[in-house]
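>
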Amino acid sequence: MLTIIPMSQARRRLRRLVTLVAKGHTFIITKNGKPLVLLDVPEPSDKQEKKPGL
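Numbering (the working numbering) for the sequence shown: 1 to 54.
1. Is it buried or exposed, A10, if we count other Cβ atoms within 10 angstroms and call 16 or more buried?
2. What are the boundary residues of the alpha helix (DSSP H) that includes V41?
3. Under the DSSP definition of a beta bridge, which residues are partnered with K31?
4. Could you check how far apart the C-beta atoms of K34 and M7 are, in whole angstroms? I think they sit under 8 Å.
5. To the nearest angstrom, how far is the alpha carbon of P42 from that of R15?
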């Protein structure tokens with residue numbers, strides 16, 4: 001299921017969004033009404049590179 005939410009709401013509910021993504025939901029986070037981030041489960045890959053965290 002795809003849901004579009006504003007950045008302000010995503011900030012307040014990040015933990016809940018992550019839980020829902022793990023259960024199969026997909027979110028598009030918008031800023032000023034424009035799509036900014038796609039929050040979804042990554043595609044499985046045998047060649048995933050490990051990148052250092054922020």
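Backbone N, C-alpha and C define an ideal beta-carbon position, used for all residues, glycine too.
Inspection of the coordinates gives the following:
1. Within the sequence shown, the letter at position 10 stands for residue 10. Per the 10 Å Cβ criterion, buried.
2. Sequence index remark: in the sequence shown, residue 41 carries index 41 (1-based). In the DSSP assignment, V41 falls outside any alpha helix (DSSP H), carrying neither H nor E.
3. To locate residue 31, count along the sequence shown from 1; it is residue 31. Beta-bridge pairing links K31 to K34.
4. Start at 1 with the first residue of the sequence shown, and residue 34 comes out as number 34. Start at 1 with the first residue of the sequence shown, and residue 7 comes out as number 7. That pair is no contact at about 10 Å.
5. Counted from its first residue, the sequence shown places residue 42 at position 42. Counted from its first residue, the sequence shown places residue 15 at position 15. Each residue's CA atom was taken as its position, placing P42 and R15 some 17 Å apart.
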